[in-house]
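Here is the structure we will look at, set down as structure tokens.
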Amino acid sequence: MSTAYTELNRFVKEKLPEKRYIHSLGVVEMSMELASRFSLPVSDSACIGIFHDAYRYDCGSGTPSFCRAHGIEVFPEEEKEPMLLHGALAAVHFDEVQGPVPHSWKVAVRHHTLGHKDMGALGAVVYIADYAEKGRKHLDDEERSRILSLPTLEAMVMHIMDMQRAYFESKGMKEAGVSEELYSFLENGGRFA
Ligand SMILES: [Fe+2]
Ligand SMILES: [Fe+2]
Numbered sequence: 005m006s007t008a009y010t011e012l013n014r015f016v017k018e019k020l021p022e023k024r025y026i027h028s029l030g031v032v033e034m035s036m037e038l039a040s041r042f043s044l045p046v047s048d049s050a051c052i053g054i055f056h057d058a059y060r061y062d063c064g065s066g067t068p069s070f071c072r073a074h075g076i077e078v079f080p081e082e083e084k085e086p087m088l089l090h091g092a093l094a095a096v097h098f099d100e101v102q103g104p105v106p107h108s109w110k111v112a113v114r115h116h117t118l119g120h121k122d123m124g125a126l127g128a129v130v131y132i133a134d135y136a137e138k139g140r141k142h143l144d145d146e147e148r149s150r151i152l153s154l155p156t157l158e159a160m161v162m163h164i165m166d167m168q169r170a171y172f173e174s175k176g177m178k179e180a181g182v183s184e185e186l187y188s189f190l191e192n193g194g195r196f197a
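As numbered in the working numbering, residues 5 to 197 make up the sequence shown, in order.
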């Protein structure tokens with residue numbers, strides 16, 4: 005593991021409750037597997053994975069304006085439910101915790117919750133791992149294997165979104181606009197950069 009990962013891991017372990025920290029380790033493990041399989045930078049995927057939920061418990065009513073002041077576009081669903089901005093907070097704080105990090109790391113953590121057509125391949129990796137890491141109890145091993153059996157990151161994200169759509173429908177909830185946009189992008193053959 006890189007020095008950056010070691011430092012981020014120390015920071016996150018101290019900051020997060022144990023359960024969320026263990027989830028973060030699960031995301032790291034699956035992210036590294038996916039990155040390796042799709043020829044993406046494995047150590048970058050580990051740093052993104054360990055940090056993605058670092059600010060999960062730091063959101064409040066002031067978070068939307070804080071994010072906007074740092075140049076982040078806040079979507080209407082995030083305005084209503086600031087907890088959804090924990091990835092955006094992680095993106096804002098990434099440099100100060102770790103020194104200058106690549107832009108792709110910030111984009112990936114920023115969009116890990118609702119997804120975004122411009123989240124990049126590393127963003128897709130953390131999105132998939134966040135949903136399907138081995139500690140997640142909302143899917144069984146068969147469903148996890150089904151996701152991993154798909155041939156591309158795009159197919160995996162679409163499959164996850166299909167499951168989320170079914171869940172939202174059953175609860176009478178509406179998908180975020182930015183997620184709908186991602187789904188149409190993928191339906192039309194869009195690829196993550
Ligand atoms: Fe998250
Ligand atoms: Fe997460």
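Backbone N, C-alpha and C fix where the C-beta goes; we use that ideal spot for every residue, glycine too.
- Message: Assuming A92 and R114 are in contact, meaning their beta carbons sit under 8 Å apart, how far apart are those beta carbons, in whole angstroms?
- Response: Contact between A92 and R114 holds, with the beta-carbon distance rounding to 5 Å and staying under 8 Å.
### Query
Is any heavy atom of ligand 2 found at a distance shorter than 7 Å from the C-beta of H120?
H120 Cβ: outside cutoff for every heavy atom of ligand 2.
In this structure, how does DSSP classify E184 when only helix, strand and coil are distinguished? Residue state, collapsed to three classes: helix.
Q. In the region 85 to 171, which residue ranges form an unbroken alpha helix (DSSP H) of at least 4 residues, counting only runs that do not cross its ends?
A. 90 to 102, 107 to 114, 124 to 136, 145 to 153
| query | What is the DSSP secondary structure of V16, counted as helix, strand or coil? | reply | helix
Does the distance from the C-beta atom of V111 to that of G124 stay below 8 Å? yes
| said: Considering only their Cβ atoms, is the gap separating A58 from A8 smaller than 8 Å? | reply: no
Problem set entry | For S49, the three-state DSSP class (helix, strand or coil) | Here S49 carries a helix assignment [DSSP, helix/strand/coil].
Task: Burial state of K178, where buried means 16 or more other Cβ atoms lie within 10 Å - done: exposed
task: Measure from the alpha carbon of Y131 to the alpha carbon of each residue in S28, E77, K19, then state which is nearest.
output: S28
- [ ] Indicate, with yes or no, if ligand 2 has a heavy atom lying under 7 Å from the CB of H56.
- [x] H56: yes, Cβ under 7 Å from ligand 2.
I'd like to know whether the C-beta atoms of V129 and L190 end up nearer to each other than 8 Å. no
query: By DSSP, does R60 sit in helix, in strand, or in coil?
result: coil
### Task
Return the residue from the list P155, E173, L89 that minimises the CA-CA distance to R195.
Of P155, E173, L89, the residue nearest in Cα terms is P155.
Excluding five sequence neighbours on each side, which residues of the same chain lie with their C-beta closer than 8 Å to the C-beta of H56? S28, V31, G91, A94, A112, V113, H116, V130, D134
Judging by CA-CA distance, which residue of E100, H74, D62 is the nearest neighbour of E85?
D62
Fill in: Closer than 7 Å: G91 CB and nearest ligand 1 heavy atom
yes
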